[in-house]
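Heads up: the sequence lines are chains U and C, in that order.
Mapping to the numbering used here: the first sequence position 68 is 483, numbers consecutive.
Mapping to the numbering used here: the second sequence position 172 is 408, numbers consecutive.
Note that the Cβ used here is the ideal one computed from N, Cα and C, for glycine as well.
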Amino acid sequence: MRTQLKKGSLELCVLAVLSHADRYGYELVENISRHIDISEGTIYPLLRRCLNDGWFETYLRESDQGPPRKYYRITDKGREVYQEMRTEWDEFATAMQNLLQEVDNHARA
Amino acid sequence: MQEHNFITELERALSPLPTSQRDDVLADYRAHIYEARERGKTDEEIGAALGDPRTLGRTFVADYHLTRISNPHEGQRFTTSLYHMARAFLVVISILAFNFFFMLWPILGLALLLGTSWLLAGVAVFVGLIFSIAILVGNIATPATIDLSTKLALSFYSLSIFGASLLASIVLYQLSRWFLMGLMKYIKLNAKVIQPD
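Below, the structure written as structure tokens:
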């Protein structure tokens with residue numbers, strides 16, 4: 416995948432994962448890198464930016480072993496942004512799929 | 237447990253940040269490393285997956301300065317905003333320079349080589365042309381002083397110098413085009429690196 420496209424979609428990945436459930440940093444990275452090959456360190460500057468923009472908030476929760484974990488929770492504002500980006504992405508993906516389909520059909524015909 | 241190399245290098249790169257912010261960032265990465273170690277990853281694996289700490293550190297520093305411009309503190313002076321703008325600019329340049337550093341010498345070397353070749357080819361074309369003209373004119377102007385075979389040989393040599401250097405120029409032109417195209421690609425690649433991710 417092209418780096419630029421990947422970077423742009425990383426925000427959407429984080430928003431999507433957090434819209435489903437609260438996660439701590441490492442869990443988030445694991446969730447995303449299971450599907451997409453990312454440089455794991457870049458998640459944290461991104462999370463910080465999103466926090467500054469008020470998309471997420473954080474809280475600490477005790478863990479069974481080790482120190483308490485910092486969890487990220489999506490805010491209402493974050494949900495709004497997610498809905499917007501998601502719609503945009505779905506429209507783009509559908510359009511792209513249609514275009515590729517059309518090209519393939521032409522190539523076969 | 238022993239501090240990961242990544243943290244040591246990141247801490248150095250984060251030194252321009254206010255202490256509280258730096259500690260926040262470091263805590264996030266310490267937690268990340270802790271979790272990864274808990275899952276049995278080796279320090280090498282963890283470091284490789286995280287990426288380059290210096291570039292990451294600079295990203296945080298650039299972000300910090302940029303937020304100080306877009307969300308100024310209460311009563312922040314214009315000169316302070318200007319200062320943060322300059323700092324953000326410098327950090328971006330330094331991210332670029334870091335990438336550029338490894339490539340700088342090969343690029344300079346190639347440019348120098350091409351430049352010298354162009355100079356030599358230019359001189360050769362010029363000399364060949366002048367001599368060709370001089371000999372052709374000389375053949376007509378002073379037919380008696382030099383015998384015919386010498387005249388022909390001299391014309392032949394000067395014309396071949398002229399021709400060969402022209403040919404070399406065409407090859408050089410193509411090489412230079414490739415060089416410039418490569419350089420453009422490289423610069424574009426670097427411009428992508430500094431765009432916020």
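Hey, out of R294(C), N241(C) and R258(C), whose CA is closest to G283(C)'s CA?
Cα-wise, what sits closest to G283(C) is N241(C).
Note down, in chain order, each residue of its chain lying with its Cβ closer than 7 Å to the Cβ of G364(C), except the 5 sequence neighbours on either side.
S394, I397, F398 and S401
Can you give, in chain order, each stretch of the beta strand (DSSP E) that sits fully within the segment 305-352 of chain C and has at least 3 residues?
none
Measure the beta-carbon distance from E239(C) to R290(C) and round it to whole angstroms, keeping in mind my assumption that it falls under 8 Å.
Going by Cβ atoms, the distance from E239(C) to R290(C) rounds to 17 Å, so no, they are not a contact pair.
Please tell me whether E245(C) has its Cβ less than 9 Å away from any Cβ of chain U.
no
DSSP puts T473(U) in a beta bridge; with which residues?
Y487(U)
Can you tell me whether R294(C) is helix, strand or coil according to DSSP?
helix
Quick check: L253(C) and F314(C), are their CB atoms within less than 9 Å of each other?
no
Tell me which residues share the same chain as R294(C) and place their Cβ nearer than 7 Å to its Cβ, disregarding the 5 neighbours each side in the sequence.
A249, V327, S330 and I331
Taking Q457(U) as the query, report the chain C residues whose CB atoms sit under 8 Å from its CB, ordered along the chain.
Note that residue 457(U) is Thr in the sequence shown, not Gln. The contacting residues are G287, L292, T295 and D433.
Exposed or buried, what is W341(C) when buried is set at 16 or more other beta-carbons lying within 10 Å of its beta-carbon?
exposed
Measure from the C-beta of M416(U) to each C-beta in chain C and report whether the shortest distance is under 9 Å.
Bear in mind that the predicted position of M416(U) carries a pLDDT of just 44, short of 50, making it unreliable; the figure below should be weighed with that in mind. The beta carbon of M416(U) sits no closer than 9 Å to any beta carbon of chain C.
Please classify P460(U): is it buried, with 16 or more other beta-carbons within 10 angstroms of its beta-carbon, or exposed?
buried
In its own chain, which residues sit with a C-beta less than 8 Å from the C-beta of T473(U), not counting the 5 before and 5 after it?
L466, K485, Y486, Y487 and R488
Could you list which residues in chain C have their beta carbon closer than 7 Å to that of S454(U), in chain order?
G287
For R463(U), which three-state DSSP category applies?
helix
Please name the residue or residues paired with Y439(U) in a DSSP beta bridge.
Answer is Y486(U).
Would Y441(U) pass as a contact of H268(C) if the rule is Cβ separation under 9 Å?
yes
Work out the CA separation of S448(U) and V518(U) for me, nearest whole Å.
31 Å
Cβ of L419(C) within 8 Å of any heavy atom in the ligand ADP?
Judged by which ligands are present, the structure shown has none, so any question about the ligand ADP falls away.
Could you give the DSSP three-state label for S448(U): helix, strand or coil?
helix
Note down, in chain order, every chain U residue with its Cβ under 8 Å from the Cβ of H301(C).
Chain-ordered listing is empty here: chain U has no CB closer than 8 Å to the CB of H301(C), the nearest sitting near 13 Å.
In angstroms with no decimal places, state the Cα-to-Cα distance between A522(U) and H450(U).
A522(U) and H450(U) have their C-alpha atoms roughly 31 Å apart.
Can you name, in chain order, every residue of its own chain whose Cβ lies under 6 Å from the Cβ of L286(C), other than the five neighbours on each side?
If the five residues before and after L286(C) are omitted, its C-beta is found closer than 6 Å to the C-beta atoms of F242, all from its own chain and listed in chain order.
So, at 6 Å on beta carbons, what are the nonlocal neighbours of R304(C) in its own chain, with the 5 sequence-adjacent residues on each side left out?
H320
Can you name the start and end residues of the alpha helix (DSSP H) that S256(C) belongs to?
T255 to E274
Check L250(C) in the structure and name its three-state DSSP category.
DSSP places L250(C) in coil when its eight states are reduced to three.
Are the segment 501-514 of chain U and the segment 255-272 of chain C touching, with three or more C-beta to C-beta distances below 8 Å?
no
Whole angstroms is fine: what's the gap from S454(U)'s alpha carbon to T509(U)'s?
28 Å
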